[in-house]
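See below for the structure under consideration.
Number of protein chains: 2
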Amino acid sequence: MAFEVLPSGSRIGILGGGQLGRMLALAAARLGMRCHVFEPAADPCACQVAERVTRAAYDDVAALRAFAASVDVITYEFENVPLAAIDAVAEIAPVRPGRRALESAQDRLAEKDFLRATGLETAPYASVRNADTLHEALAGIGTPSILKTRRLGYDGKGQARIMAPGDAAAAWASMAGAPSVLEGFIDFEREISVIAARGGDGAVVAFDPGENVHRDGILHTTTIPAAIKASTAQDAVLIAGQILNALDYVGVIGVELFVTRSGLVVNEFAPRVHNSGHWTQGACLIDQFEQHVRAICGWPLGDGARHSDAVMTNLLGDEILGAVDATSAAVHVYGKPEPRPGRKMGHVTRIAPRG
Amino acid sequence: MAFEVLPSGSRIGILGGGQLGRMLALAAARLGMRCHVFEPAADPCACQVAERVTRAAYDDVAALRAFAASVDVITYEFENVPLAAIDAVAEIAPVRPGRRALESAQDRLAEKDFLRATGLETAPYASVRNADTLHEALAGIGTPSILKTRRLGYDGKGQARIMAPGDAAAAWASMAGAPSVLEGFIDFEREISVIAARGGDGAVVAFDPGENVHRDGILHTTTIPAAIKASTAQDAVLIAGQILNALDYVGVIGVELFVTRSGLVVNEFAPRVHNSGHWTQGACLIDQFEQHVRAICGWPLGDGARHSDAVMTNLLGDEILGAVDATSAAVHVYGKPEPRPGRKMGHVTRIAPRG
Chain R
0 MAFEVLPSGS
10 RIGILGGGQL
20 GRMLALAAAR
30 LGMRCHVFEP
40 AADPCACQVA
50 ERVTRAAYDD
60 VAALRAFAAS
70 VDVITYEFEN
80 VPLAAIDAVA
90 EIAPVRPGRR
100 ALESAQDRLA
110 EKDFLRATGL
120 ETAPYASVRN
130 ADTLHEALAG
140 IGTPSILKTR
150 RLGYDGKGQA
160 RIMAPGDAAA
170 AWASMAGAPS
180 VLEGFIDFER
190 EISVIAARGG
200 DGAVVAFDPG
210 ENVHRDGILH
220 TTTIPAAIKA
230 STAQDAVLIA
240 GQILNALDYV
250 GVIGVELFVT
260 RSGLVVNEFA
270 PRVHNSGHWT
280 QGACLIDQFE
290 QHVRAICGWP
300 LGDGARHSDA
310 VMTNLLGDEI
320 LGAVDATSAA
330 VHVYGKPEPR
340 PGRKMGHVTR
350 IAPRG
Chain A
0 MAFEVLPSGS
10 RIGILGGGQL
20 GRMLALAAAR
30 LGMRCHVFEP
40 AADPCACQVA
50 ERVTRAAYDD
60 VAALRAFAAS
70 VDVITYEFEN
80 VPLAAIDAVA
90 EIAPVRPGRR
100 ALESAQDRLA
110 EKDFLRATGL
120 ETAPYASVRN
130 ADTLHEALAG
140 IGTPSILKTR
150 RLGYDGKGQA
160 RIMAPGDAAA
170 AWASMAGAPS
180 VLEGFIDFER
190 EISVIAARGG
200 DGAVVAFDPG
210 ENVHRDGILH
220 TTTIPAAIKA
230 STAQDAVLIA
240 GQILNALDYV
250 GVIGVELFVT
260 RSGLVVNEFA
270 PRVHNSGHWT
280 QGACLIDQFE
290 QHVRAICGWP
300 LGDGARHSDA
310 VMTNLLGDEI
320 LGAVDATSAA
330 VHVYGKPEPR
340 PGRKMGHVTR
350 IAPRG
C-alpha cells in the first residue's frame, strides 16, 4: 500500500482515552492534527485535550463506524481493544499499527509463539488450560516459575508465582479458569526496554534503551542510559527492529527485555506508546508520542537522539500530590479525578547532561 | 493577597484563542489543568485542544461573566483584550497578570512613560496627536525616527518610518488620525529579548536572553544564546525583573531590548508568553508556557535552565508546508486553517549541545 502523507489538520482517531491517549493527543496537536477519542468509560482523561470524544462500548458497531468515518487514520492506546472493534473500524479507515500486532500482543501464548518464530529468545513457556496441563508444564519448566493469564493481564495483574510445586494448586485457582501460560523464571541482571518506531516507508528508529525498575509489579522508574554494554544496547535495538519488521508494523512499539548473563531475552512487547518511554518527553526533541503520530500519519520519522540523560518516575495514587513541588523536573499530570492507590496519576522526568 | 495554590484539575480561563492560547492550553494540560478559551473569532486554533470554548465578543458582558464563573483563574494570550472585558471578569475570578500590565502594554505612550518612571532606558519619544505635534516632536527627536500608533500595533503594523522631515506628512496620514508616538531611531547592534516570570510569591526567574532577527517587521528567528557579553545578559535579566516587580506582575512577560554601544534600551514588553520564547519548548525542561501556568496557578516557578542551545524559526504562510520534513527539529504547527501570506502558522526549533 502506498503510504499517503496526512497533512496537518487531518483527523486521528484514538481508541482508548487514558493517559497514553491523552499524551498522544497532545503530541498530535503539536503537529496540527485533530483528535477524536473513542472510550467506553465516563470522563476519560484524554477528552480534556481532544477535539472530539465518542463515549460508547467497543461492541457498539454503529458508534465505531461513525467514529471511523470521522477520521483519517485510527490508532489505539492500549492492546486490549477487542479485535472485532478493530475489524469494524478497519473497513472504513486505516488502523495503525495493524491487527497483526494486536493479535499477538493480546495473547501471551501467541506473543511468545510469534517471538520464537521470529528467532528471538524468550523465557521457556507452556500453555496451561487446566490443573493437569499445569502439572505437565511444571514438570518441563520447573520452579520458580510464573503462571499468567493469556489475556488481559497488565501491571502484574493476572499473575501468580510458583516458587515450589506445592504452590501450583493455589496459582491455578487464582487464574479463575482462564487459559494461561506458565513461564520459566528468568535470572536477569536487569530489565530494559526499547521504544522503537517504524514508519510507513519501513524506516525504523529507536530511542536509547532504558532500564526499568518495578515496584509491586508496576513500573516505578526508567533510567537512561541503562547500565549495559554498548553491544547489548545495540542488540536490544536490533531485536526491536526485527519485531517491527516481522509485524510489518507502523507506529511506536515498546519491547521489554531481560538482560541475562547469556544475552537478551524478550519479556513482552506492547504495540503502542509505552510507560517506559515517557522519559523521551523530557530528554529528546521528538518524543515517543510524536514519533507514533508521525508514523501513523505517514510523516518521516523524527530524530530520536536524546540530548540528556534522564530518570522517569511514575507517580501513583497520592504521590501525585507532590507534583506541584517538582520545580526542577518535567512533571506530567494525567488529569484523572481520583488518586486511587496504585493508579498511575502522572510521572516526573529529571534530566542531567549526557554522562 | 495570599496566593492559593490551584491543584491539578483546576480550570484556567484564557482570553484569546490563537496559537499562544493553544500552547498555553497544551502546557496547562501537562499539569492536569483544564482550559476554557474565550474568543470572538470563529474556529480559534486553541479550541482544538481546550476542554471548553466560548465564542463571544469582548463586549458581551453576560458571556464574559459566565466564562469567569466557570474557571478558577483567568489569563490572556494577547495584550489587546479591552480593559472593560478584564474588569468584567475580574469581579468574578482573579486575572493574572493583572490590569496594570495590560494598561501599560496597550498604549505605547503609557508603556514608555512607565519604563522611564521605572528608571529604564527607552528610545527618545514624544506624543503625537496631529500634524502640528508631529512637527514639534520631529524638531526634538530628529530623523530617522518611527511614528507608531499608540494602540493596536503589532508585527510592524501601524508604523511608518520617517527618514527625513519630508516624510512626515505621509507618515501622519498613514496613522489615519490615531493618537501616535514618535520614537527616535536606535542605532542598535542587535535585538534581544528576555522571557521572565514572576510567581505569586514574588519570585522571579528568567530564561537566557535570545537574539531576534525580524523580517518585514515579523520575528523570523530567535537564537540562544544571544551573542552578547555575560554582563549584558545579566543586565537584561535584571531589567526584566525590574519591570515585573514594578508591575507587581504574576506570569510570564516578554521584554524586547536593543543592545547598543552605550548599553541596553528597552524597546517594549508584552504581558504574556512571547513568540521569542518558543525556543524554550525545545531547549528547556520547563518552557515559557508551563512557567506561565505555574505562576498564575500559584505553583512554585520551575527551573528555566536550558539544556541546549537553540534556534527557533517562525513558519509564515506556505512555509508551514515544509514542517513535515523537519525530522531533526521540534516542529510546532498551530492548526490554523489557511496559510495566508505572513500569517504565523507554526515554528520549528533546532537544538545543539550547549556551546
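Residue numbers (numbering that gives the first Met the number 0), protein chains in the order written: chain R, 0 to 354; chain A, 0 to 354. Heads up, the beta-carbon is just placed ideally off N, CA and C, and yes, glycines get one too.
Nonlocal neighbours in the same chain, by C-beta distance under 8 Å from residue i, ignoring five residues either side
i: Val292 of chain A; result: Ile11, Leu23, Ala26, Ala27, Leu30, Met32 and Trp298
i: His35 of chain R; result: Arg10, Ile11, Gly12, Ile13, Ala49, Glu50, Arg51, Val52, Thr53, Phe66, Ser69 and Val70
i: Val236 of chain R; result: Val193, Ala195, Ala205 and Pro208
i: Met162 of chain R; result: Thr142 and Pro143
i: Ile128 of chain R; result: Reading the sequence as shown, one finds Arg at residue 128 of chain R and not Ile. Closer than 8 Å at the Cβ level, and outside the excluded window around Arg128 of chain R, lie Pro178 and Ser179.
Residue environment, residue i, which counts as buried when at least 16 other CB atoms sit within 10 Å
i: Glu337 of chain R; result: exposed
i: Asn244 of chain R; result: exposed
i: Gly156 of chain R; result: One detail in the question is off: residue 156 of chain R reads as Lys in this sequence, not Gly. It is exposed - the Cβ of Lys156 of chain R has fewer than 16 other Cβ atoms within 10 Å.
i: Met311 of chain A; result: buried
i: Leu320 of chain A; result: exposed
i: Val258 of chain R; result: buried
i: Arg214 of chain A; result: exposed
i: Lys228 of chain R; result: exposed
i: Pro164 of chain R; result: exposed
Range covered by the beta strand (DSSP E) that runs through residue i
i: Gly201 of chain A; result: From DSSP, Gly201 of chain A is part of no beta strand (DSSP E); its letter is neither H nor E.
i: His35 of chain A; result: Arg33 to Glu38
i: Glu267 of chain R; result: Gly262 to Ala269
i: Thr121 of chain A; result: First-last for Thr121 of chain A: undefined, no H or E at that position.
i: Gly16 of chain A; result: No beta strand (DSSP E) holds Gly16 of chain A; DSSP gives it neither H nor E.
i: Arg54 of chain A; result: Arg51 to Arg54
Simplified DSSP state of residue i, which is helix, strand or coil
i: His111 of chain A; result: Rather than His, the amino acid found at residue 111 of chain A in this sequence is Lys. Reduced to three states, the DSSP call for Lys111 of chain A is helix.
i: Thr142 of chain R; result: coil
i: Met311 of chain A; result: strand
i: His213 of chain R; result: strand
i: Gln290 of chain A; result: helix
i: Pro81 of chain R; result: coil
i: Gln158 of chain A; result: strand
i: Arg342 of chain A; result: coil
i: Val88 of chain R; result: helix
i: Gly276 of chain A; result: helix
i: Ser126 of chain R; result: strand
i: Val48 of chain R; result: coil
i: Gly303 of chain A; result: coil
i: Gly297 of chain A; result: coil
i: Ala351 of chain R; result: strand
i: Ala24 of chain A; result: helix
i: Arg29 of chain A; result: helix
i: Ala356 of chain R; result: Nothing can be reported for residue 356 of chain R: it is not among the residues displayed for chain R, which extend from 0 to 354.
i: Met0 of chain A; result: Reliability fails at Met0 of chain A, whose pLDDT of 48 lies under 50, so the model's placement of it is uncertain and the value that follows must be treated cautiously. Here Met0 of chain A sits in coil by DSSP.
i: Phe66 of chain A; result: helix
Residues near residue i in its chain [Cβ-Cβ closer than 7 Å; skip 5 each side]
i: Gln18 of chain R; result: Cys44, Tyr333 and Lys343
i: Gln105 of chain R; result: Glu78, Asn79 and Arg150
i: Glu267 of chain A; result: Glu110 and Glu255
i: Val60 of chain R; result: Ala87
i: Ser173 of chain R; result: Ala159
i: Ala100 of chain R; result: Leu246, Tyr248 and Pro270
Below-8 Å beta-carbon distance, residue i vs any chain R residue
i: His291 of chain A; result: no
i: Met0 of chain A; result: Because the pLDDT of Met0 of chain A is 48, which lies under 50, any placement of that residue in the model is unreliable, and the question is left without a value.
i: Leu300 of chain A; result: yes
i: Ser327 of chain A; result: yes
i: Val347 of chain A; result: no
i: His358 of chain A; result: Residue 358 of chain A is absent from the structure shown; chain A starts at 0 and stops at 354.
Same chain, Cβ closer than 6 Å to residue i, neighbours up to 5 away in sequence not counted
i: Arg160 of chain R; result: Ile145
i: Glu3 of chain R; result: Gly297
i: Leu114 of chain A; result: Thr121 and Val265
i: Pro96 of chain A; result: Tyr248, Val249, Gly250 and Pro270
Residue i: first and last residue of the uninterrupted alpha helix (DSSP H) it sits in
i: Ile238 of chain R; result: Ala229 to Ala245
i: Glu102 of chain R; result: Arg98 to Ala104
i: Ser173 of chain R; result: Ala167 to Ser173
Neighbour flag for residue i against chain A, beta carbons, 8 Å
i: Ser7 of chain R; result: yes
i: Gly341 of chain R; result: no
i: Ser192 of chain R; result: no
i: Arg160 of chain R; result: no
i: Leu30 of chain R; result: yes
i: Val332 of chain R; result: yes
i: Gly281 of chain R; result: yes
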